[in-house]
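Under my numbering, the sequence shown is numbered contiguously, ending at residue 562.
We put the CB at the ideal spot given by N, CA and C, even for glycine.
Please read these numbers as outputs of a predicted model, since none were measured by experiment.
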Amino acid sequence: MPFESILVPSRVYEGQKPGTSGLRKAVKVFQQENYTENFVQCILTAIGPKLKGCTLAVGGDGRFFGKEAVNIIIKIAAANGVGKLVIGQHGILSTPAVSCIIRKYKLTGGIILTASHNPGGPDNDFGIKYNTENGGPAPDGITNAIYQLTTQIENYSIVPNLTCDIDNIGVNTFEVNGKDFVVEIIDSVDDYLELMKSIFDFPKLKNLLSANAAKPFRVLINSMHGVTGPYVKRIFLDQLGAPLNSAVKITPLPDFGGGHPDPNLTYAADLVEQLRKSNFDFGAAFDGDGDRNMVLGAKAFFVTPSDSLAILGNHLNDIPYFQKSGIKGVARSMPTGAAIDKVATKLKVEIFEVPTGWKYFGNLMDAGRLSLCGEESFGTGSDHIREKDGIWAVLAWLSVIASTSKSVEQICCDHWAEFGRNYFARYDYENCETEPSNVMMKELEKKITEASFVGTKFEEAGKTFVVEAADNFQYTDPIDESITKNQGLRILFSNGARLIFRLSGTGSSGATIRLYAESYESSSEQINLNAQEVLRPLIQVGLKISQLQSFTGRTEPTVIT
Numbered sequence: 002m003p004f005e006s007i008l009v010p011s012r013v014y015e016g017q018k019p020g021t022s023g024l025r026k027a028v029k030v031f032q033q034e035n036y037t038e039n040f041v042q043c044i045l046t047a048i049g050p051k052l053k054g055c056t057l058a059v060g061g062d063g064r065f066f067g068k069e070a071v072n073i074i075i076k077i078a079a080a081n082g083v084g085k086l087v088i089g090q091h092g093i094l095s096t097p098a099v100s101c102i103i104r105k106y107k108l109t110g111g112i113i114l115t116a117s118h119n120p121g122g123p124d125n126d127f128g129i130k131y132n133t134e135n136g137g138p139a140p141d142g143i144t145n146a147i148y149q150l151t152t153q154i155e156n157y158s159i160v161p162n163l164t165c166d167i168d169n170i171g172v173n174t175f176e177v178n179g180k181d182f183v184v185e186i187i188d189s190v191d192d193y194l195e196l197m198k199s200i201f202d203f204p205k206l207k208n209l210l211s212a213n214a215a216k217p218f219r220v221l222i223n224s225m226h227g228v229t230g231p232y233v234k235r236i237f238l239d240q241l242g243a244p245l246n247s248a249v250k251i252t253p254l255p256d257f258g259g260g261h262p263d264p265n266l267t268y269a270a271d272l273v274e275q276l277r278k279s280n281f282d283f284g285a286a287f288d289g290d291g292d293r294n295m296v297l298g299a300k301a302f303f304v305t306p307s308d309s310l311a312i313l314g315n316h317l318n319d320i321p322y323f324q325k326s327g328i329k330g331v332a333r334s335m336p337t338g339a340a341i342d343k344v345a346t347k348l349k350v351e352i353f354e355v356p357t358g359w360k361y362f363g364n365l366m367d368a369g370r371l372s373l374c375g376e377e378s379f380g381t382g383s384d385h386i387r388e389k390d391g392i393w394a395v396l397a398w399l400s401v402i403a404s405t406s407k408s409v410e411q412i413c414c415d416h417w418a419e420f421g422r423n424y425f426a427r428y429d430y431e432n433c434e435t436e437p438s439n440v441m442m443k444e445l446e447k448k449i450t451e452a453s454f455v456g457t458k459f460e461e462a463g464k465t466f467v468v469e470a471a472d473n474f475q476y477t478d479p480i481d482e483s484i485t486k487n488q489g490l491r492i493l494f495s496n497g498a499r500l501i502f503r504l505s506g507t508g509s510s511g512a513t514i515r516l517y518a519e520s521y522e523s524s525s526e527q528i529n530l531n532a533q534e535v536l537r538p539l540i541q542v543g544l545k546i547s548q549l550q551s552f553t554g555r556t557e558p559t560v561i562t
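Structure, rendered in structure tokens:
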């Protein structure tokens with residue numbers, strides 16, 4: 002049956018500006034007439050001359066409105082001359098898997114349906130983002146082009162009566178406007194599993210985890226009812242032989258079971274409690290779309306993402322992939338703790354400090370200058386794809402454990418003994434009123450960029466902090482020399498401590514203020530203390546400088562990590 006496209010009149014919706022990783026809004030916003038259609042059309046238009054006959058990947062984290070959005074994408078892609086869509090079965094593909102598929106099959110790009118770690122369901126959030134042909138999030142130039150198109154759109158093209166079954170694996174071919182349009186439904190896990198097998202020593206990991214091992218290493222992995230469930234089952238249970246009780250919440254649900262799919266100590270509290278009460282050796286949790294991870298040791302010993310990045314960097318040679326490729330360089334987002342910097346010095350490789358957002362690592366990877374990177378927001382990854390990758394990070398940790406025969410806690414303690422410890426914490430103040438938050442950031446920037454601010458001394462709980470430098474972080478990309486401004490307010494102290502303030506771009510409403518605090522200790526007597534106690538004086542200094550409580554009315558953060 003031949004199909005013909007039609008042109009549907011529409012109107013501009015304000016605020017369709019992609020953030021650090023796509024457009025995130027409440028589900029009800031996306032459900033408005035033509036709202037999702039507008040944004041999808043603008044993504045396709047922004048692809049430009051490569052659009053006609055191209056192949057795109059499509060998938061998401063299984064959240065509410067996901068299948069409806071896939072159906073819209075199919076209809077609009079068909080109308081716009083896309084040659085083929087590769088879609089995960091049931092519309093399910095983790096964000097790392099989409100990057101894997103784009104790179105493996107050399108696709109033009111992919112559309113990912115996720116709001117990442119934001120809650121799901123009819124009263125919560127949805128999101129759409131575009132990844133380019135390198136497998137990574139669209140750079141600023143493309144997201145800006147998409148946004149500009151959303152401010153001008155008058156109509157979109159669609160094939161309204163085209164329907165495709167996305168629940169059964171297979172190839173579907175349609176005649177649209179006289180040309181073939183192909184929709185291939187693929188197994189969501191196969192390509193990603195193949196990639197992981199090429200990176201890690203699966204027989205070695207199986208010997209560690211298998212219930213038949215002489216002394217099984219007991220793991221507890223929590224998918225938080227997000228997209229990683231099928232991946233966890235196939236990799237950790239089926240392939241590596243971990244017992245069935247090693248994985249929980251592995252069924253993707255449109256509302257994530259009513260939970261908040263953010264792998265931190267607050268929203269994965271059930272995992273923390275299980276580890277505290279049980280004899281599991283290792284715990285891990287992933288976010289909604291599978292790109293973030295939290296790592297815990299026995300009795301819920303918490304590994305900060307900054308430490309996780311540094312420790313993996315120091316042990317990359319325990320992973321076959323890096324034994325073959327070598328280590329080209331390492332990087333962190335600006336707010337991330339500087340522990341990895343010391344590892345880079347040891348390895349004699351480049352260290353890069355980039356803005357928040359995985360797209361900033363992509364240029365460095367494509368230029369062959371970056372092997373490992375991470376963000377303090379529970380994101381870790383390497384140049385095997387162009388996204389952060391939660392399951393990869395856990396397999397990397399298990400590789401280190403298998404090679405060293407040490408516990409998570411001992412690995413961390415040994416690392417601190419060698420490099421010193423970068424105590425790090427992030428305070429999130431979520432859903433603050435937008436205007437007072439903006440005013441606070443403007444006043445704070447004005448204060449810290451005055452010439453007289455450098456040298457200012459702050460006393461708190463017997464500790465002295467002297468300002469050495471302060472700025473609004475700006476990044477010049479060493480590959481294309483593009484400049485990214487206004488990436489966070491930094492206050493650097495002479496004793497190596499840092500305070501950073503940022504307004505997050507990952508929320509769907511209101512404002513999230515993030516306060517980051519870091520201090521460095523090198524003496525053996527100071528590396529095994531309680532992080533919150535060590536950082537409390539510094540955080541109090543940050544609250545005084547910013548007057549955060551006065552501007553927001555918040556006396557406590559929503560989340561501490």
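The C-beta distance from G289 to H118 rounds to 6 Å, short enough to meet the 8 Å contact threshold.
The C-beta separation of L221 from L254 comes to about 19 Å, leaving the pair out of contact by the 8 Å criterion. The shortest CA-to-CA distance from T133 to any of E419, C101, Q149 is the one to C101. Of the candidates A426, P321, F287, the residue whose Cα lies closest to the Cα of A532 is A426.
The way I'd put it, the segment 81-91 doesn't touch the segment 145-153; fewer than three beta-carbon pairs between them come closer than 8 Å. When DSSP reads this structure, P10 sits in a beta bridge with N156. Nearest to N173 by alpha-carbon distance, out of G327, T164, V183, G511, is V183. Excluding residues up to 5 positions away in sequence, V344 lie with their Cβ nearer than 6 Å to the Cβ of N315 in the same chain. In this structure, the beta-carbon distance from D141 to T559 does not fall below 8 Å.
Under the three-pair Cβ rule at 8 Å, the segment 151-171 counts as touching the segment 6-26. Taking the CA atoms as reference points, Q275 sits about 21 Å from Q411.
Going by beta carbons, D282 and A301 fall outside the 8 Å limit. Nearest C-alpha to K329 among V350, N318, S309, I341: V350. A residue is called buried when at least 16 other Cβ atoms come within 10 angstroms of its Cβ; N529 does not meet this threshold and is exposed. For H91, the enclosing beta strand (DSSP E) starts and ends at 85-93. Residue pairing of M442 in beta bridges, as defined by DSSP: absent, with no partner found.
The criterion of a C-beta distance shorter than 8 Å is satisfied by L210 and A243.
Contact annotation: D292 and E446 have beta-carbon atoms that are not nearer than 8 Å. Assigned with DSSP and collapsed to three states, R277 falls in helix. A direct Cα-Cα distance of roughly 48 Å separates E15 from L241.
Annotation for I480: N364, L365, A368 place their beta carbon closer than 7 Å to its own, counting only its chain and skipping 5 residues before and after.
DSSP lists A286 as the beta-bridge partner residues of M295. Within its own chain, the residues whose Cβ lies closer than 8 Å to the Cβ of Q324, once the five positions on either side in sequence are excluded, are N318, listed in chain order. In the three-state reduction of the DSSP assignment, R387 falls in the coil class.
A direct Cα-to-Cα measurement between F66 and I77 gives close to 17 Å.
Measuring C-alpha to C-alpha distances from G61 to each of N35, K130, F4 identifies K130 as the nearest. Under the DSSP assignment, Y322 falls in the alpha helix (DSSP H) whose first and last residues are 321-326.
For T381 and S309, the gap between their C-alpha atoms comes out near 8 Å. Note on geometry: alpha-carbon atoms of G258 and M225 lie some 8 Å from one another. S406: not part of any alpha helix (DSSP H); DSSP gives it neither H nor E.
Between the alpha carbons of L371 and N208 lies a distance of about 31 Å. It is roughly 15 Å from the alpha-carbon of L536 to the alpha-carbon of S523. When DSSP states are grouped into helix, strand and coil, R235 belongs to the helix group. Assigned with DSSP and collapsed to three states, P244 falls in coil, not helix or strand.
Counting along the chain, E431 sits inside the beta strand (DSSP E) bounded by residues 422-433. When the beta-carbon positions are compared, L108 and A58 come within less than 8 Å of each other.
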